[in-house]
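Scroll down for the structure; my scribbles are underneath it.
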Amino acid sequence: MHQKFIIIVFSLLSSNFLFAQNSFIGIQNSHRKSMHSILMNPAEIGNLGKKVEVNFFSVQGSVSNNILSFQDVINNPDDILDFTFQRANGPVNLRTNVEIVGPSVGFKWKRWGFGITSQSFASGHIIDLDPKLGESISSERLENSFNTFGINSPYNQRINLSGWTELGFTAGLEIFQLAAHSISVGSTFKLLFPYFYTNVGLDRINGTLIQENDEFYLTNTIGSAYFSYSNDLVDNNNLTFSASPFNFSNLNGLGLDLGANYKWQDQNVTKINAGLTIRNIGGMTLGANQTNTTYNVNIPGNERFRLDNLGGNLDDIERQIVESGYFALERQEEGLRAALPTLIAAYGEIRLSKLFYLSLYGQQKFGSTNRDEQLIAQNLLAITPRLMLGNFEIYSPWISYEVAGITGGLGLRFGGLFIGSHSVLTGLISDTKQADIHAGFSWGFGR
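According to mature numbering (1 follows the signal peptide of the UniProt record, and there is no 0), the stretch in the sequence shown is residues -20 to -1, 1 to 427, in order.
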């Protein structure tokens, strides 16, 4: 049984597109204003260091969790799932993230600024997985021939994979200027091109799993299971997935970013720069090829449903489940609408001296991560000291993440070329629950 369930659920996370949305913390608040600053807050379009700014290519990726350090992963490579669930004293969370910023350009004209951006996102998340449920379905080596697992999960736990491309059009305007002080506003209108959304939600599962040698049974069980996936991407015979970034073939959503910026500049030197922005307002629709099915389960205490006999492709498994009489199927025929990970963010940058700057950044998400149609973002708070030596910059972001906790990193920038990590320092001086890297290249033209 557990092998079949892992194929359907856990192996989703070993497919070839574990990517997702996450900010370029550190470089986005750099003293050199680039397209990453505009992606953070569209009102920054008027603060570009050059008249024209071009981003050629940037990428960032990370993997984080709330249970295991990376030393744990290295020491337990063969039974990492078992070790995770046995170690956990609360819900298990995993986030895998990659964001690609493609060719993008911004330019200033008088008090206006305009830009066009291209981004590709994808994600693979485990969200609030009950460790008791995980242990009962993943154990490869059970000590006894008879085991009973009690399951009581009073919330919706999810495994979610998603990916989409954005094409953004930014406009900003300086609306106020008095002496050295100015206020600007901006917005980015985004066209969304979804290319996959896969979600497994197990909502309020309460029951008993029984193992008798190689046989597995559910009894005295109620709850529901929700599955959503694209028929275009799923191979129904072996449950594999495929997708490519920067897919502009399926326009099916709109998004909006709004922002405001305050700047105190004295003799062409910025002393304070601060902003407030709301990002990712909107959503995207997955079309008619998206299968969305809810299975409501009700197995009486005096009856049992055998799980290890389930086999075949997805259609075969569904037929066996429905024919058992313990599962009521609800099929959603129309397309699925997934909400973007809307968040509000605030930041401030202060010039401490000619060489030293300090940046603060925080974001708060909207929407419940336990909702099946919600794309994922994290709450976080970051402080980034930076050393400026002409065109050379050293920055060190220290971030408190919702999932992985506190991480400390280091980055280097020379002109428009940068490379860094949000967690390399904590990875070297102590153990960490996150690993990440970001890098990119952009260039400015004109004065």
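Each residue gets a CB set at the ideal place from its N, CA and C atoms; glycine is no exception.
The structure presented is a predicted model; accordingly, all values stated were derived computationally and were not measured.
Could you check whether residue j and residue i sit closer than 9 Å to each other, using their CB atoms as the reference points?
i: Glu310; j: Asn269; result: no
i: Arg138; j: Ile185; result: no
i: Ser305; j: Asn200; result: The question names Ser, but residue 305 in the sequence shown is Gly. Taking 9 Å as the Cβ cut-off, Gly305 and Asn200 do not qualify as a contacting pair.
i: Ile18; j: Arg393; result: no
i: Thr188; j: Thr128; result: yes
i: Leu320; j: Leu172; result: yes
i: residue 428; j: Met20; result: No information on residue 428 is available, as it lies outside the stretch -20 to 427 that the chain covers here.
i: residue 429; j: Gly166; result: Nothing can be reported for residue 429: it is not among the residues displayed for the chain, which extend from -20 to 427.
i: Gly26; j: Asn248; result: no
i: Asn35; j: His11; result: no
i: Gly82; j: Gly93; result: no
i: Thr349; j: Asp108; result: yes
i: Asn9; j: Thr364; result: yes
Give a single yes or no on whether residue i has its beta carbon closer than 8 Å to a heavy atom of the ligand MN.
i: Asn253; result: With respect to the ligand MN, the structure offers nothing, as it holds no ligand at all.
Just checking my contact of residue i with residue j at CB under 8 Å: how many whole Å lie between their CB atoms?
i: Val377; j: Ala357; result: Note that residue 377 is Pro in the sequence shown, not Val. With 8 Å as the limit, Pro377 and Ala357 do not qualify as a contact, their Cβ atoms being about 17 Å apart.
i: Phe398; j: Ala419; result: 7 Å
i: Ala160; j: Asp246; result: 5 Å
i: Gln396; j: Gly426; result: Looking at the sequence itself, residue 396 is Gly, so the reference to Gln does not match. Contact doesn't hold; Cβ gap of about 14 Å is too wide.
i: residue 429; j: Thr250; result: Within the shown structure, residues of the chain are numbered from -20 to 427, placing residue 429 beyond reach of any answer.
i: Thr150; j: Gly95; result: 4 Å
i: Leu48; j: Lys413; result: 7 Å
Do you know how far the Cα of residue j is from the Cα of residue i?
i: Lys345; j: Phe37; result: 27 Å
i: Ser339; j: Gly388; result: 14 Å
i: Val180; j: Gln191; result: 24 Å
i: Pro22; j: Phe63; result: 44 Å
i: Tyr197; j: Glu283; result: 10 Å
i: Ile5; j: Asn193; result: 50 Å
i: Tyr327; j: Tyr135; result: 34 Å
i: Ser100; j: Asn359; result: 21 Å
i: Gly114; j: Asn232; result: 35 Å
i: Glu195; j: Phe126; result: 9 Å
i: Tyr341; j: Leu61; result: 34 Å
i: Leu256; j: Ala325; result: 6 Å
i: Ser162; j: Leu28; result: 14 Å
i: Lys13; j: Tyr375; result: 14 Å
i: Ile261; j: Asp288; result: 44 Å
i: Ile131; j: Ser401; result: 39 Å
i: Phe169; j: Ile54; result: 44 Å
i: Arg366; j: Arg286; result: 60 Å
i: Pro71; j: Glu154; result: 46 Å
i: Trp144; j: Ile417; result: 21 Å
i: Ser(-6); j: Tyr209; result: Any answer about Ser(-6) is weak, because its pLDDT of 39 lies below 50 and its placement is not dependable; what the coordinates show is given next. If you take the alpha carbons of Ser(-6) and Tyr209, they lie about 14 Å apart.
i: Ser84; j: Phe65; result: 43 Å
i: Asp59; j: Ser410; result: 24 Å
i: Gly203; j: Lys30; result: 58 Å
i: Ala68; j: Lys112; result: 9 Å
i: Met368; j: Leu390; result: 14 Å
i: Lys90; j: Ser164; result: 13 Å
i: Phe336; j: Glu24; result: 21 Å
i: Ser133; j: Gln157; result: 56 Å
From the DSSP output, in three-state form, read off residue i for me.
i: Gln8; result: coil
i: Arg75; result: strand
i: Ala415; result: strand
i: His402; result: coil
i: Val180; result: strand
i: Ser17; result: helix
i: Phe156; result: strand
i: Gly396; result: coil
i: Pro174; result: strand
i: Gln300; result: helix
i: Leu61; result: helix
i: Phe195; result: It is Glu, not Phe, that sits at residue 195 in the sequence shown. It is a strand residue.
i: Arg138; result: strand
i: Asn289; result: coil
i: Ile252; result: strand
i: Leu113; result: helix
i: Asp237; result: strand
Got a sec? Which residues, its chain only, sit under 6 Å from residue i by beta carbon, not counting five neighbours each side?
i: Arg317; result: Gly263, Thr265
i: residue 510; result: Only positions -20 to 427 of the chain appear in the structure, and residue 510 is not among them; the question remains open.
i: Tyr177; result: Ser142, Leu266, Ala318
i: Asp352; result: Asn179, Gly181, Tyr206
i: Ile301; result: Phe307
i: Ile(-13); result: Model confidence at Ile(-13) stands at a pLDDT of 41, short of 50, so the residue's coordinates are unreliable; what they give is reported in the following sentence. Excluding sequence neighbours, Ile(-13) sits near nothing in its chain.
i: Phe372; result: Phe394
i: Ile386; result: Ser380
i: Gln312; result: Asn272
i: Val404; result: Gly389, Leu390
Residues in the same chain with beta-carbon distance under 7 Å from residue i, minus the five sequence neighbours each way, listed in chain order, please.
i: Phe207; result: Val180, Thr273
i: Asn73; result: Asn45, Asn46, Ile106, Ile107, Asp108, Val383
i: Ser422; result: Ser14, Met15, Glu33, Val34, Asn35, Phe36, Gly396
Whose C-beta lies closer than 8 Å to the C-beta of residue i among residues of the same chain, with five residues either side of it excluded?
i: Asn230; result: Phe173, Pro174, Tyr175, Gly267
i: Gly347; result: Ala319, Pro321, Thr322, Gln354
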